[in-house]
Amino acid sequence: MRYTAITPEARQEMLAALGVKDIEALLATIPAEVRMRGELDIAGPLPEADLRARLSRMQSKAPRHSFVGAGLYSHYTPSPVDALAGRSEWVTSYTPYQPELAQGTLVMYYEFQSYVAMLTGQEIANGGMYDGSTALAEAVLMAMRVKAKSDPVVYVSSGLHPEYLATLETYMSFVGIEVVTLELDAATGRTKMGLDKATQDAATAIVYQSPNFFGVVEDMADVSEDALSIGVTTEAFALAMLEPLPVKIAVGEFQSFGIPIQLGGPTAGFMATKKSWVRKLPGRLVGKTLDADGEEAYCITLATREQFIRREKATSNICTSSGLMCLRATIYLSLMGRKGIQEIAEKNASCARFFAKGFEKLGLKVVHSGPFFNEFTLDASAHPGLYDKLLKRDIVLGLPLKDRFAGRDHQYLIACTELHYSDAETILQEIESLV
Amino acid sequence: MRYTAITPEARQEMLAALGVKDIEALLATIPAEVRMRGELDIAGPLPEADLRARLSRMQSKAPRHSFVGAGLYSHYTPSPVDALAGRSEWVTSYTPYQPELAQGTLVMYYEFQSYVAMLTGQEIANGGMYDGSTALAEAVLMAMRVKAKSDPVVYVSSGLHPEYLATLETYMSFVGIEVVTLELDAATGRTKMGLDKATQDAATAIVYQSPNFFGVVEDMADVSEDALSIGVTTEAFALAMLEPLPVKIAVGEFQSFGIPIQLGGPTAGFMATKKSWVRKLPGRLVGKTLDADGEEAYCITLATREQFIRREKATSNICTSSGLMCLRATIYLSLMGRKGIQEIAEKNASCARFFAKGFEKLGLKVVHSGPFFNEFTLDASAHPGLYDKLLKRDIVLGLPLKDRFAGRDHQYLIACTELHYSDAETILQEIESLV
Amino acid sequence: MSKPTIKEKTVFDLVGQEHPGFAVVGDNAAVDACRAEDLPRRQDNCQGMGQVTEVDVVRHYTRLSTFNFDIDRGMYPLGSCTMKHNPKLNEAVAAESYWANAHPYWPEPYLDGHHHIIDELRQDLIEASGFDQVCMTPAAGAHGELTATFMIRAYHHAKGNDHKKIILTPDTAHGTNPASAAMAGFKAKQIPSGPGGTLRFEDLEPFLDDKVAGIMVTNPNTLGIYETDFKRIADAIHALDGLVYMDGANFNAVMGIFKPGDIGADVMHWNLHKTFTTPHGGGGPGSGPIGYNNNLAPFAPDSGDDRSIGPIKAYLGQWGMFIRAWCYIRSLGGQGLKEVTEEAILNGNYLRKGLEGKLHLPFPTATLHETVFTDKDLPNHISTKDIAKRLIDYGFHPPTTYFPILVQGALMIEPTETEPKHEIDRFIAAMDSILKEAEENPEIVKTAPHTASVSRVDETLAARNLDLRWQAPETT
Amino acid sequence: MSKPTIKEKTVFDLVGQEHPGFAVVGDNAAVDACRAEDLPRRQDNCQGMGQVTEVDVVRHYTRLSTFNFDIDRGMYPLGSCTMKHNPKLNEAVAAESYWANAHPYWPEPYLDGHHHIIDELRQDLIEASGFDQVCMTPAAGAHGELTATFMIRAYHHAKGNDHKKIILTPDTAHGTNPASAAMAGFKAKQIPSGPGGTLRFEDLEPFLDDKVAGIMVTNPNTLGIYETDFKRIADAIHALDGLVYMDGANFNAVMGIFKPGDIGADVMHWNLHKTFTTPHGGGGPGSGPIGYNNNLAPFAPDSGDDRSIGPIKAYLGQWGMFIRAWCYIRSLGGQGLKEVTEEAILNGNYLRKGLEGKLHLPFPTATLHETVFTDKDLPNHISTKDIAKRLIDYGFHPPTTYFPILVQGALMIEPTETEPKHEIDRFIAAMDSILKEAEENPEIVKTAPHTASVSRVDETLAARNLDLRWQAPETT
Ligand SMILES: Cc1ncc(COP(=O)(O)O)c(C=O)c1O
Ligand SMILES: Cc1ncc(COP(=O)(O)O)c(C=O)c1O
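So the protein lines, in turn, are chains C, L, X and R.
Everything in the first sequence is counted per my numbering, starting at 1 for the first residue and increasing by one.
Everything in the second sequence is counted per my numbering, starting at 1 for the first residue and increasing by one.
Everything in the third sequence is counted per my numbering, starting at 1 for the first residue and increasing by one.
Everything in the fourth sequence is counted per my numbering, starting at 1 for the first residue and increasing by one.
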C-alpha cells in the first residue's frame with residue numbers, strides 16, 4: 001500500500017510482539033458470517049505518473065471568459081495566499097481542541113471572526129460555517145432559539161439565491177416552520193415587503209439577500225426595526241463597498257476572498273450577530289485569554305453550546321467546519337487590506353457598468369432598474385442565438401435563467417469582476433463582433 | 001514599491017529619528033557629478049494579475065513528446081519533492097555559515113554528499129557545484145593541485161558533451177593546459193585510447209564521459225590504472241544501474257533526480273573522489289560533529305580551502321553554489337530509494353531499446369554498435385523529412401547532430417525516459433503513421 | 001516545538017492606515033469611467049480595518065503556522081478523528097486550475113472531467129460499503145448524519161408513522177449523533193453499553209417499541225471494538241420498521257473486512273477527511289457523503305422523487321475533497337484499501353500492547369484500530385489532561401481525551417496505518433517516561449506543557465471574559 | 001526557534017531494505033520485453049543505499065526544515081549577502097510547467113517566451129547599470145567575476161600585453177575577488193583602505209605601474225561606504241590601459257542613484273539572488289550576469305568573435321533565476337527599483353543610528369545600506385561570535401561576522417529594504433539587552449545559543465575527525 005509507513009521488516013517485528021502469525025488473528029471479534037469474501041472491485045493502484053496522465057486525459061477545456069456568478073465569484077487570488085495557506089502546519093493540523101499546540105490556527109480564527117464582524121458591521125461573529133446556504137438555515141434555527149414564542153413562519157425574499165431557499169425549506173420542514181416568499185417588484189427587482197409591522201415582528205425571521213440573486217441591491221427600508229431580520233450576502237466584496245445591512249443576523253459566503261470556486265465546495269460560510277446573542281450561536285467560537293504564565297493565548301470558548309459537550313441540546317450538530325477556507329479568506333483580507341478590497345469592489349462595480357452599457361449598445365436590456373453591484377440580469381431577446389454563439393468561442397455569457405424561473409425566458413445573470421477588468425474592451429469587442 | 005515593509009507612517013518616524021527631512025540627505029557621500037539624472041526607463045510596476053496575464057500571453061506551446069536529452073533529461077518528479085523543497089525554511093535561508101540556525105540544510109548536504117559517494121562509488125563527495133560542466137573544469141584544476149609535476153595536457157574523449165568540452169577549454173586556456181581530444185571508434189562509438197601508459201600517467205588528467213554524449217557506455221578498459229582519470233556522467237540514472245566508473249575523480253549532473261530542466265540552469269553538479277584528496281577539493285563540505293552539549297550536530301568544515309578564508313589561495317572561487325537543487329535531488333533519492341531509481345533506470349533502458357527497435361523497423365539505423373543506456377544516436381537518412389513532419393505534430397525527434405558535428409549529417413540523438421514508457425506503443429504508432 | 005523567541009500577536013497589531021494595500025490590477029480608464037455613482041458608499045472605515053505590508057503578512061502567517069502541531073512533523077493519535085498522512089499528490093492535483101476553478105453553473109462540456117471523477121468516486125464508495133446508492137452532497141460527517149436523519153423522518157412520514165419519534169444511540173456515540181437526531185426533530189435516547197464496551201442485545205430490548213424510528217451505531221465503536229450484536233440489533237429494529245444508521249467515522253477499520261450494507265445498516269456517512277486522507281485543515285473543510293439502501297432512495301436529497309427531503313446544501317458537494325479522495329483511492333486500489341484497514345488494526349493493537357498493564361484499560365475486549373485507556377489509579381492525582389499536556393513536551397499531539405463520555409478520564413488513542421513502528425515505539429517510550437514522572441516528579445506533569453508556544457491555557461477565563469474579536473482603538 | 005523535542009537524525013537512520021520504494025509508472029510488458037540484456041549491472045547495492053517510506057520522507061524533511069532559520073520568519077541581517085524578502089509570486093511563476101520544463105535544445109518556437117523574458121531582463125540590467133552589453137550566462141557572482149577576469153586577460157593578451165599580471169583589490173574586498181583573479185592566472189595585490197574606510201587615491205598610487213591589468217572594487221564597498229575616489233581611481237587605471245571591475249553585490253544601494261557605467265567601471269557582476277530577490281536556497285542557486293562596455297565586448301563568452309574567451313558554462317545560464325528576477329523587476333518598474341535603493345539606505349541608516357554609541361564603529365564615515373561595527377571594548381571579553389550566537393536566542397539570524405577581514409571582530413549589519421521598522425526596532429532592543437547581559441551576565445552570552453535546535457557547534461572537532469558521509473554498517 002503506497003502510504004504505508006510500515007516496512008516489511010517492521011511488520012514482522014510487530015506481529016511477533018503481538019504473538020500472532022498474521023493480521024487475520026486480530027480480526028477474531030468480527031463474526032465470520034459478516035466478513036467480506038473476495039477482493040474490493042476498485043481500480044488501482046495507479047503509480048503517480050500514470051495517475052496524473054490519466055487525470056490530464058480526463059480534463060476537458062475551460063472557458064476563455066466566464067460571466068457566471070450567481071453566488072460563486074471568480075476573483076484573482078494573490079500568490080501569497082496559496083503559498084502561505086499551503087503550509088502543512090495549517091493543512092494537516094486538527095480542530096484546535098488542544099490550544100497549546102494550535103495557537104496558529106486559534107489566532108487565525110480570532111482574526112477571521114474579527115474580519116467578519118468588521119465587514120458585516122455586527123458586534124461578533126463565529127469561526128465559520130460549511131457555506132452560505134447552511135449558514136442561513138442555521139441562522140433561522142438560531143432565530144427560533146432567540147425568539148421562542150414567535151409565529152412558526154419565516155418570510156423570505158424571492159431575491160434569495162434559489163439553492164439557498166431550497167436548502168432552507170429542507171431544514172425548516174423538520175422543525176415545523178413555514179417558509180413564505182415575498183415577491184420582487186418586477187421593475188426595480190427589489191423585494192416588496194407587503195407585511196405590516198406586527199406580522200413582521202411576530203415572525204420567527206425575515207430573510208433578505210443583498211445584492212439579491214438578480215444582482216439588485218436591496219434597501220430594506222420597510223423592514224421593521226423590531227423584526228428578527230436576517231441578511232444574506234453571497235458576493236462578499238459588496239460588504240467592502242456598501243453600507244452594512246440593518247439586520248440582526250448577517251450570514252453568507254466569503255468565497256470571493258481568495259477561495260477557488262471548486263464547483264461550489266468547499267467554501268467558507270459566515271455568521272455574525274449581536275454580542276448578547278452569543279450563547280445562541282451555532283458553530284465554533286475562539287476567544288482571547290491567558291496562559292499559566294499570564295501571556296496572551298487563544299482557545300475555543302463557549303463550547304458548552306457545541307455537540308461534543310451538549311449533545312442533543314447543542315445549538316447545532318456542526319463539528320468539522322471550514323477552517324482552511326477561513327484561513328484563505330483571512331490571509332486574503334490581511335494582504336489586501338481595506339483599501340485593497342475597496343479598490344477591487346469599485347473596479348468590479350465599474351466593470352459591471354462598462355459591460356452593461358456595452359450590451360445595451362447592442363440592443364440588449366438590463367432587466368431591473370434597481371441599482372446593482374457587480375452582477376445584473378440581462379434580457380437578450382434582441383439576439384436569441386448570442387449565448388450559444390459565444391459558447392462556441394468559449395465565452396460563457398452568464399447564467400441562463402429560463403429553466404430556473406418562470407417569466408425570465410431570455411434572461412441571463414451576468415457577473416463581472418476584476419478578471420474582466422484589464423481586457424474589458426477587447427472582450428467586449430469580441431462579443432460585439434459576434435452580434 | 002510593492003515589497004516595501006515600511007508604511008508611510010513608519011517612514012516619517014524613521015526620517016525624524018535620523019534628523020533628516022528626506023532620504024536625499026543620506027546620499028551626501030555620493031558626488032553630485034556621478035548621480036543619475038532622471039528616471040530608470042524600466043517597465044512597470046505591473047500589478048500581479050496583469051503581470052500573470054502578460055506572462056501567459058508570452059507562453060508559446062510545448063512539445064507533446066520530446067526525445068531531446070543530450071545532457072539534460074526529462075524525468076517525472078514525484079509530488080512530495082515539490083511540496084517539501086518548496087518550504088520557505090529551505091528556500092529563503094542562507095548558506096549555513098551559522099550552523100546552530102541551519103541544521104536542516106546541513107543535514108541535507110551531508111545526505112547529498114553521501115548519496116553522491118554511494119552512487120559514484122567514491123569515498124567522499126563535496127556539497128555540489130554549479131553544474132556538470134563547471135564541475136569538470138574544476139576537477140581538472142583540482143588534478144593540477146593533486147599532480148603538481150605533470151605534463152600540462154589533459155586528454156579528453158570526443159565522447160564528452162560538446163558544451164562541457166568548450167567550457168573546459170575556456171578554463172584551461174588561462175592556466176596553460178592544453179586540451180587534446182581522443183577520437184571515437186566510428187563503429188562502436190567508444191573512445192579510442194591511443195596513448196601508451198607512460199603518456200597517460202604523465203598527463204594532468206584524462207577525461208571520459210559514460211554514457212558518452214552519443215549515448216554509448218564506455219568501458220575504459222585501456223585507461224591506465226595510474227593515470228589521473230576523471231569520469232563524467234550527465235544522465236545520473238546510469239549510476240543506479242551500471243558499475244561505477246573506475247576513475248580517480250567523478251563529476252557530473254544530478255539534474256535527472258527531481259530537478260526540472262529549466263533551460264539548463266540551475267542544476268546540481270557533483271564531484272566525488274578519494275578521501276586522501278579531500279583538502280584539494282573545491283566547494284563546500286559539510287561534516288558531522290558535536291555541539292556544546294555533546295549532541296550530534298553538523299557544520300561546514302575544511303573551510304580553509306574556501307575563498308572567504310583563503311582568498312587568492314583558495315581551491316576555488318565558488319561561493320553561492322546550488323543548495324536548493326541539491327535539496328531536490330536529495331529528497332528525490334530518499335523518496336525513490338535504491339530500488340526506486342534502479343527500477344526507473346531499467347525502464348529507461350528498456351524504453352530506449354523499444355524505440356530503437358521500432359525505428360529500425362522503419363528502416364532507420366542505430367549508428368553505434370556500442371551498448372547504450374537510455375539514449376542512442378539514430379541515422380534517419382532513410383526518411384529525410386521525418387524530423388520536420390514530427391515537429392508539425394509537436395513531437396521532437398531528439399537533437400539533430402548535423403550542425404554540431406561533421407559527418408553526422410542525418411543523425412539524431414534520441415533520449416527515452418519513463419515519460420515515454422507507459423504510452424510507448426501509442427507514441428511509436430503515431431510516428432509510424434507519419435513515415 | 002518550544003517556546004518561540006518571537007511572540008506574534010494578531011495581524012491587527014501590525015496594521016497601518018496609509019499604506020495602499022495589495023494591488024491586483026492596474027487602472028483601466030475606459031472602465032473606471034463607468035464608476036458606480038448610483039450606489040451609496042459605506043461611511044465607516046470597516047470598523048478600523050487597515051492595511052498590512054505584504055512582507056508583514058508573509059511573516060505573520062508563517063510564524064503563526066509554526067505554533068501549530070501538524071501530522072507532517074509527528075504522530076497525532078487522536079482517537080476517532082483518524083489523523084493520517086495527507087498525500088502531497090492530492091494537494092497538487094486539487095490545486096490545478098482546471099479542477100479548482102470550475103463553476104457548477106457552467107454548461108457541459110466544461111465539467112465533463114469533474115462529473116467523471118464524481119461518478120467513479122460514487123461507484124467506489126458503493127463497492128466498499130455494499131449500499132445501493134450514495135449521495136455526495138453533505139459537507140461533513142455531521143452533515144451526512146443530518147441528511148440521513150432527515151431521510152429517516154421522511155421515510156416514516158411517507159408511511160404515516162409520524163409517531164416514530166425516538167432515535168436510539170449507545171452511550172459511546174459521538175456527540176454529533178444525538179445532535180443530528182435532535183435537529184431532525186427526533187428525541188435521542190441513550191442506551192448503556194455492556195461490560196464489554198459493546199451494545200448488547202439484551203440492553204437494547206427494553207427500549208424497543210413502536211415509537212422507535214431508528215438507531216445510530218458507530219461500528220467499530222468509539223472504543224475501537226466491533227459491535228458483535230450489530231446484525232441482531234439491526235434485525236430487531238427492522239422488525240419495528242425502524243432504520244439503522246451506521247456512523248462510518250471508523251471506516252478505516254472496515255474497508256475490505258466487512259460491508260456495512262451486509263450487516264443490516266440502512267444508511268451511513270463517510271468522513272472523506274478521515275478515511276480518505278483529505279486534510280483536516282485545522283477544523284475543516286470535510287466531506288460527508290452518505291450511502292443508503294433502496295428503501296431510503298426516494299427520500300434522498302437528489303432523488304428527484306417528490307418524497308425527497310430536498311437539497312441540504314447549495315451546489316454539488318465538497319468537490320475539493322472529492323478529487324483528493326479519488327486520487328487516494330486510485331493510488332491504492334481495492335487491495336491497497338484492504339491493507340489500509342489491516343495496518344490500521346496492526347498499529348492499533350501494537351500500540352495497545354505497548355501500554356497494556358501500564359494504563360488502566362476499562363474494557364478487556366479485543367480492539368481494532370483504536371483503544372481507550374483511562375487515568376484510573378494514576379499516582380499523585382495525575383489526570384488524563386495532565387498526561388495529554390505532558391505528551392506535548394515529548395513531541396506528540398495528545399490523544400482524544402474525556403471521550404467517550406461514559407468512560408471516566410478516557411484517553412482514546414488511534415495511531416492510524418500511516419504511523420511507522422519507530423514512531424509508535426517512541427510514543428510508548430514517552431508514555432513510560434511520563435508515568436515514571438507521575439510517580440517521581442508529578443509537578444512537571446501537572447504544569448505541562450513546558451515546550452509549546454504557550455503554557456497551559458486558561459479556558460475558564462476565556463469563557464468568563466469573552467473577547468471574541470479585535471476592536472479598533474477608535475471604535476472601542 | 002527552540003530545542004526541538006524531536007531529535008531528527010539522517011534519512012539513512014530510517015532506511016529499510018525490503019520496502020519497494022516509490023513507484024512512478026506501472027509495468028508495460030511490451031517495453032519490458034526489450035530489457036537491456038546487453039548491459040552489465042552494478043554488482044554492489046549502491047554501498048547499502050536502501051528505501052524509506054513516503055511518510056517517513058515527508059516527516060524527515062519537514063522536521064529538518066524547522067531547524068533552519070528563514071527570512072519568512074524573521075530578520076536575516078547578513079551584511080553584503082542582502083537577505084531580503086523573496087516574493088511568492090516569483091516562486092509560483094518559475095514553477096509553471098511551460099517555464100520550468102523547457103529544454104535549451106528544443107527548436108523554436110517552443111522557446112519564444114523564454115527568449116523574450118531573457119531579452120527584456122538584459123535590457124533592464126543595461127538600463128540600470130549604464131553598461132553597453134550584458135552576458136547572462138554566469139552561474140553566480142563569483143562566476144561572473146571569473147568570466148570578467150578571463151575577459152580582462154583576453155583583452156590584454158589581444159594587445160600583446162601578457163605582462164599585465166596584477167589585479168589590485170582593496171583590503172575590504174570579498175574573498176571571491178582575489179580568488180577569481182587567481183583562477184584567471186592573475187596575481188592579486190591588496191591595497192590598504194584609508195582611515196575613512198575607503199580606498200584613497202594616494203594609497204593606490206604606489207601600486208600603479210605597467211604590470212597592472214586592472215582593479216576590482218566593490219562600490220558601495222563592504223563597509224557600506226561609497227568609494228568617493230572611484231572615478232579618479234578608474235581614470236588612473238585606464239591611463240595604464242588597465243580595466244576597472246566593479247563588484248555589484250551591493251547594487252541595492254546603486255539602482256536609480258548612479259550608474260556604474262558612468263563612473264568609470266568597465267565590467268561588473270550582479271547577484272540576481274541578492275539585488276533581485278531570487279532565493280538564496282541555503283547556498284544557491286544564484287545567478288551572476290555581467291555588464292561590460294564595448295571595449296570588452298569582443299572577449300565576451302557569447303561574442304562570436306574569435307577573441308571570445310569561449311563559454312564559461314554549458315547552456316544559457318540560470319533561467320530559473322531569470323524568470324524570478326524578471327517578475328520582480330516588472331512588479332516594481334524603474335521607479336520602484338529606485339525606491340528599493342532609497343529604503344535600503346533608510347533602513348541601513350536607521351539601524352546604524354540605533355546602535356551608534358553602543359557598539360564600536362571603526363569608521364565614522366557615513367554609510368548607505370549597511371554598517372560594520374566591531375566587538376572592540378566589549379566587557380568581559382565578549383566577542384563578536386558571542387553576540388552573534390546570542391542574537392539567535394532573540395529570534396534573529398546573526399549578522400555577517402569577522403568580515404571584512406581588515407576590521408578586527410567585524411559585525412556587518414544590513415537590514416535590507418524589506419525589513420519593517422518594528423523588526424529593526426526589535427533588533428536594536430535585542431542588542432541593547434545583549435549588551436546589558438554582557439555586563440551583568442556574560443556567561444549566558446558566551447554559552448549562547450540556548451534556544452536553537454543545537455547548542456554552540458564544535459567546528460574544530462568537525463575538521464579534526466572528518467566525517468563527511470554516512471557509511472552503511474556492512475560497508476564500514
Ligand atoms: C464517530 C464520529 N462521528 C461523527 C463525527 C462528525 O464528523 P464531522 O466532524 O466530519 O462532522 C466524528 C468526527 O469527529 C466522529 O469521530
Ligand atoms: C561583495 C561580494 N562579492 C561577491 C560575492 C560572491 O557572489 P556569489 O556568492 O553569488 O558567488 C558576494 C557574495 O557573498 C559578495 O558579498
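C-beta: ideal position from N, C-alpha, C; glycine also.
Just so we're clear, the structure is a prediction, and the values are computed from it rather than from any experiment.
query	result
Under a Cβ-count criterion, where at least 16 other Cβ atoms within 10 Å of its own Cβ denotes burial, should G283(L) be classed as buried or exposed?	buried
Could you give the distance in angstroms between the alpha-carbon of D124(X) and the alpha-carbon of Y328(X)?	12 angstroms
The beta strand (DSSP E) spanning G291(X) covers which residue range?	290-292
Beta carbons nearer than 7 angstroms to chain R: which residues of the segment 48-61 of chain X have them?	T53, V55, D56, V58, R59
Measuring alpha carbon to alpha carbon, tell me which of D266(X), I323(X), D393(X) ends up nearest F299(X).	D266(X)
Over the uninterrupted alpha helix (DSSP H) stretch that includes Y164(C), give me the two end residues.	162-173
Do Y164(L) and E182(L) count as a contact pair if the criterion is CB distance below 9 angstroms?	Looking at the sequence provided, one finds Leu at residue 182(L) rather than Glu. Result no, Cβ atoms of L182(L) and Y164(L) do not sit closer than 9 angstroms.
Sorry if obvious, but does the Cβ on T92(L) come closer than 8 angstroms to a heavy atom of ligand 2?	no
Measure the C-alpha to C-alpha separation of K446(R) and E437(R) and round it to an integer number of angstroms.	10 angstroms
Taking all protein chains shown into account, decide if Q408(X) is buried (16 or more other Cβ within 10 angstroms of its Cβ) or exposed.	exposed
Within a Cβ cutoff of 6 angstroms, which residues of the same chain sit near Y394(X), ignoring the five residues on either side of it in sequence?	A430
Indicate the three-state DSSP secondary structure (helix, strand or coil) for R338(L) in the structure shown.	helix
Which word fits L24(R), buried or exposed, when buried means at least 16 other C-beta atoms lie within 10 angstroms of its C-beta?	According to the sequence provided, residue 24(R) is Val. The question's Leu does not apply to it. Under this definition V24(R) is a buried residue.
Is the closest heavy atom of ligand 1 to the C-beta of N177(X) under 8 angstroms?	yes
Roughly how many angstroms lie between the CA atoms of P279(R) and A43(L), to the nearest whole one?	23 angstroms
What does the shell around ligand 2 hold, if a residue joins when its beta-carbon is under 6 angstroms from any heavy atom?	C319(L), T320(L), S80(R), C81(R), A140(R), G141(R), A142(R), H174(R), T176(R), T218(R), T222(R), D247(R), A249(R), N271(R), G286(R), G288(R)
Of all the options P364(X), A249(X), G291(X), P195(X), which has the alpha carbon lying nearest to the alpha carbon of T320(C)?	A249(X)
Taking 8 angstroms as the line, does the beta carbon of K274(X) fall inside it for any heavy atom of ligand 1?	yes
So the alpha helix (DSSP H) G71(L) belongs to, where does it begin and stop?	Element bounds for G71(L): n/a, residue is neither H nor E.
By Cβ distance below 8 angstroms, which residues in the same chain neighbour H163(X) in space, the five residues on each side in sequence not counted?	D210, K211
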